[in-house]
Each structure stands twice: as structure tokens, then as C-alpha cells.
Amino acid sequence: MKILLKFAHFIFLIISVILQLSFLEQLKIFNINIDLVMVTVIGISVFEGGLYGLIYGFIAGMLLDMMIGQVVGLNALIYCLAGFLTGMIMNAGFKRKMSTYMLLIFFFTEASILLTGGIYYLFNYSASTVALGIEMIINPACNIAIMFVIFPLLKAGLERSEEIGITYKSKV
Amino acid sequence: MAPGRKNLKNIIILILLIVICITVITVSLRQSDIFTNFRLLTLDYFKPVQEKTFQVFAPVTKFFLSLRDYVNLRDKLEELELENASIMKDYSENINLKIENDALRKLIGMDLRDSYQTETAKVIGYYNTKWQSEIIINKGKNSGVVEGMAVVNEKGLVGIIILSSGSTSNVRLLTDPQSSVGARILSSRKLGLVEGGSDKKIYLNYISSDDLVFKGDILITSEYGQFVPPELLIGRIKKIGNTGEALYRQIEVQPFADFKTLEYVLVIKG
């Protein structure tokens, strides 16, 4: 059952990548900057553990980079780091509640903006501090908002599998 | 497995993946062709799913766009009425000029202007970050679309094909910071480069500060592009910055094409 759930999470992640490219990127026109893949990777890491966050983050990032990335490997690096560090933080004993998840999303979104900006800046891309500032305000807010949709979806599968496990045991 | 050993395993995998990522980033930034085949395969593989997803969410995007349009409706109407009056005035004059131009071309033995061979394509994906502005279209090498070809819509130049797989292509939009297209000011015939900025605006660069440039001047593609045909409409000069003692003017361009509403585009094949 657990393997099935992990597979379902993987499919969920692939759908996130497709949705990101086909729909969410268009919403950026209205300054709605949602990084669905990042939120999903963090969610998987919270509910499945750091190892899955790390590996799934790498796969999703690489897929996104292969499809449209200017710098192949950059998203993979960011997402796998986000997945791994989320797992570490959760293992350190933080309470599993919405405020913790919100802080995680906020922290990793800001870190991802700064890391991406830094890497592009190193390779001679010009950077606008105003645009960066706006991005650092809008992006975490949007990601936190979408977290309230994604996290319950990921958690719902987990709770259901636990319920099934209990029923099975009691029958035995 | 003991927690300590589990952590060690995770850290080893993390280090391995970081090394892979850094290697891939380095190779990718050196413009190596190693990843091109992988990218083409990925694009082709996901095309059907992406196309369907794009279709499913198109009404939602249109709804958001119509909300924005509704707010600006009155201003837009006034602007269009003024533009319409101006176009009507120019229309008859242009017809006469075309007839005259064709007659003169025949007289001096020059070929008449041919229309371009084009391929209609549907937009199936967007990628719009501060560092990158690209779209994915549903036509590729199988339809004769290759890298370097210009992409236009009914209003003007949209971008250039930068990667073409069998059935899809990536188009770098004019607003992309790496975009650069040779341009000519229609009235003064001065040459410059239309380039994207990191602020999502488009600039006309390399116009000397001694040259006279006016707000509203129309920009077209220059005749020196390897693949981009000449005289495609690009946009209008929106703002001319104070140059001070700088060598070149800072000119902001308002593109004719609205990159936010791209649905169908034409690829100019030659």
C-alpha cells in the first residue's frame, strides 16, 4: 500500500510539472507567481521523508529543466536541496502543523529566488533589485496559498493508507 | 535501519545529486549539445499531455484575461477609435503607394515582394520567469520548423525558435533577457538591436545619442538577419530615456504583439 502511495505521489508530482508549464506560468501575467512543483516537493518531503523529497525533487526539477530550462540542472538542484532540507528540519522535531509548513514554504521560496538570482548573476545576467524585491514578497505568499490545497491532498492519501492498514490488521 | 545510518545514506545521495546537478549546469552553460537530444525527447514525449492540459485550462486563463480587459475597456475603446481614424486615413494612401511601388519595381526590374511561407502553430506551454520568457508550440522539425525561424502573430514579431524537436518547438519571446533581434526605425531607417531586459521590457539599443528618434516611431526587423525576414513589425517607441553623456540612447519599445494572449502563432519558414 505504501509503495502504491509513493507511486501516487510521484504521479502527482509529474502532474504538477505539467500544470506548472501549461497553466500556472500564464498566471504570472497577473503577478500570481506559484511554484507548484516546489510546494509539492516540500509536501512529499514532509509526509514521506527527506529521501523521497530529495529524489522526487531531483526528478521533477530535471524534468522541468529538460522541457524548458535555460540552465539545465538549476531547478533540479534547488528542488532536491529543498526536499532534503525539509526532511532534515522535520526530523529535527518540529511540530507537524500548518504554521511549520508555512514557515518551510516561505523559507525555501525565498532561498530558491536568491539562489537562482545568484547563479544567473554569476553568469553575467543583469539583475533588477526592484523586480527581485517584488518577487520575494509575492512568490512566498502565492506558494503558501497553494500549500493549503496541495498539503491536504498529499496528507489525505497518507491518512487513507493508515486507515486501510488498521482495518487489515484488525481482521487478521 | 538505524537513524544515523539512514541520515548518512541520505547525505551520500544528496552529495551525489548535487555533483550531478553542478556537472549538468556547467555542461549546459557551455552550450553543449549533449543535453539537446534528451531535451528533444522529453519535449516530444510530453507533448500530447501538455497540449491537452493547455486546452483544459485555456478557459480559466481566458477568464482572468477578460477580467483584466473589462477593467480597461473604456480606455481601450477610446484608444482603438483614435487608432481606427488614423488607419482609415492612411489606408487609401497606402493602396496608392503600393500600386506606385509595384509599378516602379517592375520598371527597374526588381522582383515584387513575395509573401512568406508560414506554418500555423498552437501555443501549448509558457515559461515566464525574470530570467526567461519562452513559449512551447506544437510544431517542430516534422513540419519543417527549425531553430532560428521567426515567429509572428497577426500583430507582429513574437520571437525566435531556439529549440526544435520532432513535434514541438521552444520559442524565445522578445521579452526574454537573452533575446536580440536586428531592427530598423521605419521613419529614419536607423539600425539598432531590439533586446529584452531583466524587467520584462523591450529596448532598442545601439542608437547613437546624436540620432533623432521620436516617440511613436515604428520598428521593423532589419534585412541583415540570417533567418528573420525583413520588414516584420516589432513595435513602437514608447519612451526615450535621458542619455546625458552616454554614447547610445536608452529607448523603450512597446511591442505590437501581446505576449500575454498568445494562442496561435505563425512560424515564418522562408
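Those protein sequence lines, which keep their order, are chains A and B.
Sequential numbering of the first sequence, starting at 1, is according to the working numbering.
Sequential numbering of the second sequence, starting at 173, is according to the working numbering.
Cβ coordinates follow ideal geometry from the N, Cα and C atoms, glycine included.
Predicted, not measured: the structure shown is a model, and the values here were computed from it.
Extent of the continuous alpha helix (DSSP H) run through residue i
i	result
L77 of chain A	74-91
S240 of chain B	Looking at the sequence shown, residue 240 of chain B is not Ser but Arg. From DSSP, the alpha helix (DSSP H) with R240 of chain B extends over 206-243.
L24 of chain A	Looking at the DSSP string, L24 of chain A is not in any alpha helix (DSSP H), and its letter there is neither H nor E.
G57 of chain A	50-68
I113 of chain A	98-122
Within 9 Å, strictly: CB atoms of residue i and residue j
i	j	result
V317 of chain B	S341 of chain B	yes
V425 of chain B	V366 of chain B	yes
L346 of chain B	G368 of chain B	yes
G73 of chain A	S45 of chain A	no
L174 of chain A	G43 of chain A	Residue 174 of chain A is absent from the structure shown; chain A starts at 1 and stops at 172.
Q222 of chain B	S22 of chain A	yes
L404 of chain B	A322 of chain B	yes
I439 of chain B	K313 of chain B	Here residue 439 of chain B turns out to be Val, not Ile, going by the sequence shown. No, these two residues do not count as a Cβ contact at 9 Å.
F108 of chain A	A82 of chain A	yes
I119 of chain A	I197 of chain B	yes
G397 of chain B	A429 of chain B	no
L186 of chain B	L54 of chain A	yes
V41 of chain A	A60 of chain A	yes
I374 of chain B	K362 of chain B	no
F47 of chain A	Y79 of chain A	no
A355 of chain B	I392 of chain B	yes
D348 of chain B	S305 of chain B	yes
L201 of chain B	F106 of chain A	no
S359 of chain B	D389 of chain B	yes
R240 of chain B	F30 of chain A	yes
I138 of chain A	I3 of chain A	no
S258 of chain B	E291 of chain B	no
K181 of chain B	Y288 of chain B	no
M98 of chain A	A76 of chain A	no
Limits of the unbroken beta strand (DSSP E) element including residue i
i	result
G297 of chain B	290-300
E319 of chain B	First-last for E319 of chain B: undefined, no H or E at that position.
G331 of chain B	329-336
E306 of chain B	305-309
L438 of chain B	436-440
Residue i: contacting residues in chain A (beta-carbon distance under 7 Å)
i	result
G364 of chain B	Within chain A, no residue comes near G364 of chain B; the closest Cβ sits about 18 Å away, beyond 7 Å.
Y140 of chain B	No answer is possible for residue 140 of chain B: the residues shown for chain B start at 173 and end at 442.
R211 of chain B	M66
L215 of chain B	M67
F229 of chain B	S22, F23
F207 of chain B	V72
Interface partners of residue i on chain A, CB under 8 Å
i	result
S190 of chain B	A small correction: the amino acid at residue 190 of chain B is Ile; Ser does not occupy that position in the sequence shown. Within chain A, the residues near I190 of chain B are L77, C80, L81.
I423 of chain B	Those within 8 Å of I423 of chain B in chain A number zero; the least Cβ separation is about 17 Å.
I185 of chain B	L51, L54, I55
I308 of chain B	L21, M67, I68
N342 of chain B	I68
Cross-chain neighbours of residue i in chain A, by beta carbon under 9 Å
i	result
T233 of chain B	F23, Q26, L27, I29
Q426 of chain B	None at all; the shortest Cβ gap to chain A is about 16 Å.
N182 of chain B	G49, G50, L51, L54, F84, G87, M88
F236 of chain B	Q26, L27, I29, F30, I32
Under 7 Å by beta carbon: chain B residues contacting residue i
i	result
Y120 of chain A	W303
L154 of chain A	Chain B residues near L154 of chain A: none, gap ~20 Å exceeds 7 Å.
E135 of chain A	K302
F58 of chain A	L189
L5 of chain A	Those within 7 Å of L5 of chain A in chain B number zero; the least Cβ separation is about 19 Å.
Per-residue contacts from residue i into chain B (C-beta, under 8 Å)
i	result
V71 of chain A	I197, S200, L201
V18 of chain A	Note that residue 18 of chain A is Ile in the sequence shown here, rather than Val. Within chain B, the residues near I18 of chain A are F218, V221, Q222, T225.
Partner residues on chain B for residue i, Cβ-Cβ distance less than 9 Å
i	result
L63 of chain A	T214, F218
Cutoff 9 Å: residue i Cβ touching any chain D Cβ
i	result
F235 of chain B	The structure shown has no chain D; the protein chains it does contain are A and B.
Three-pair Cβ contact test at 8 Å for the stretch 21-32 of chain A versus the stretch 233-249 of chain B: Yes: at least three Cβ pairs fall under 8 Å.
Stretch pair the stretch 207-215 of chain B + the stretch 5-19 of chain A: three plus CB contacts closer than 8 Å: With a cut-off of 8 Å, the stretch 5-19 of chain A and the stretch 207-215 of chain B do not count as touching, because too few Cβ pairs lie within range.
Segment contact flag, the stretch 408-417 of chain B with the stretch 256-271 of chain B, C-beta cutoff 8 Å, min 3 pairs: Because the criterion of three Cβ pairs below 8 Å is not met, the stretch 408-417 of chain B and the stretch 256-271 of chain B do not touch.
Three-pair Cβ contact test at 8 Å for the stretch 217-229 of chain B versus the stretch 89-96 of chain A: Contact fails: fewer than three Cβ-Cβ distances are below 8 Å.
Complete beta strand (DSSP E) runs within the stretch 343-424 of chain B (minimum length 3 residues, chain order): Qualifying beta strand (DSSP E) stretches, in chain order: 352-357, 363-368, 374-377, 390-393, 405-412.
Sufficient close CB pairs (3 or more, under 8 Å) joining the stretch 56-71 of chain A to the stretch 106-115 of chain A: Result no; under three Cβ-Cβ pairs closer than 8 Å.
Touching by the beta-carbon criterion (3+ pairs, under 8 Å), the stretch 293-311 of chain B and the stretch 428-437 of chain B: The stretch 293-311 of chain B, when compared against the stretch 428-437 of chain B, does touch it at the 8 Å Cβ threshold.
Sufficient close CB pairs (3 or more, under 8 Å) joining the stretch 370-383 of chain B to the stretch 126-146 of chain A: Yes, the stretch 370-383 of chain B is in contact with the stretch 126-146 of chain A.
Segment contact, 8 Å Cβ cut-off, at least three pairs: the stretch 271-282 of chain B with the stretch 183-192 of chain B: Taking a cut-off of 8 Å for Cβ pairs, the stretch 271-282 of chain B and the stretch 183-192 of chain B do not touch, as fewer than three such pairs fall below it.
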